[in-house]
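Per our numbering, the sequence shown starts with residue -7, numbered consecutively.
The block underneath contains the structure these notes are about, expressed in structure tokens.
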Amino acid sequence: MEGCRMHILVLSLAVFQLFNHISPCTAVEANTEYIRTSCKGSRYPDVCYDSLQMYAGEIKTCPKTLALTALNVTLELSKQAQMTVKKLSETKSLSPVETKAMEDCVKELSATEKELKRSKVELDLVVDPSNSRMKISNVQTWVSAALTDENTCKDGFADHNLKGQVEIETANNIKKVGHLTSIALTLINNYASSTKPPMP
């Protein structure tokens, strides 16, 4: 009898060790698959997945963390883009029209950064989504405004038919930020939809 109990104990330990080896891998696969599935609803699913998959361990399968991470990634890229565009705006060979368009673009990116920061802080404060509709609505409004600012920057070049190297490089930076902002907004909208209180 004692030998049987010992055998069961050894077998249990073996199974426990087996699950210890399997679980991390399975968890990572589940987390990355969750990100891939969530990204399919965005306009840029490949960009979405590529920008977020490295954070799968932190995101797990939490829609709020997914949305917050998307905001973080977008915010960091917007800061980089703002610095790049500011530097490009100081190019000596720019015409007065080009300089004005670049300066306006820097202002729009500055506004984008502020709106994304506000959104991140507000979303982070959401504890019980069913009682935080106003906060989530604020986040949706601010991220939408950030996307509008980015489009305004691009439109400024199109309105003046500016197609120089500086404008092309700036447009590429804005395009990347715009894609991530659109993705973040989609994931925030998904989070909002998943947390709507049941109908009475």
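Cβ atoms here follow ideal geometry from the backbone N, Cα and C, with glycine treated the same way.
With DSSP run on the structure shown, which of helix, strand or coil describes residue i?
i	result
V118	coil
I33	According to the sequence shown, residue 33 is Gly rather than Ile. Coil at G33, not helix or strand.
G156	coil
T66	helix
C40	helix
K56	helix
T144	helix
S136	helix
Output the distance between the C-alpha atoms of residue i and residue j, rounded to the nearest integer angstrom.
i	j	result
T133	L108	10 Å
N143	V169	10 Å
A176	S87	35 Å
S111	L172	14 Å
K146	I166	7 Å
L64	I51	Here the sequence assigns Asn to residue 64, which means Leu is not the residue at that position. Whole-angstrom Cα-Cα distance: 12 Å.
S85	Y47	41 Å
A59	L179	5 Å
A184	K99	30 Å
Q72	S136	20 Å
Leaving aside the five residues before and after residue i along the sequence, list all residues of the same chain whose C-beta is less than 8 Å from its C-beta, in chain order.
i	result
S102	Q74
L117	S124 and K127
S15	With a pLDDT of 41 at S15, under the threshold of 50, the modelled position of this residue cannot be trusted; read the value that follows with caution. There are no such residues.
E161	T76 and L80
Note down, in chain order, each residue of its chain lying with its Cβ closer than 7 Å to the Cβ of residue i, except the 5 sequence neighbours on either side.
i	result
N182	S30, G33 and P55
P37	C31
C(-4)	Note that C(-4) scores a pLDDT of 43, beneath 50, so its modelled location is shaky; the value from the coordinates is reported in the next line. Here the set comprises nothing.
N130	E114
R28	Y41
A138	T104, E107, L108 and T173
Whose C-beta lies closer than 6 Å to the C-beta of residue i among residues of the same chain, with five residues either side of it excluded?
i	result
R35	S174
T83	V158
M94	S81
If distances are taken between C-alpha atoms only, which option among the options comes closest to residue i?
i	options	result
N164	L58, A62, S70 and V135	S70
S124	S186, I51, L44 and D96	S186
K92	V77, L117, T24 and A138	V77
N194	L44, V39, T53 and S43	For the chain, the structure presents residues -7 to 192; residue 194 sits outside this window and is missing.
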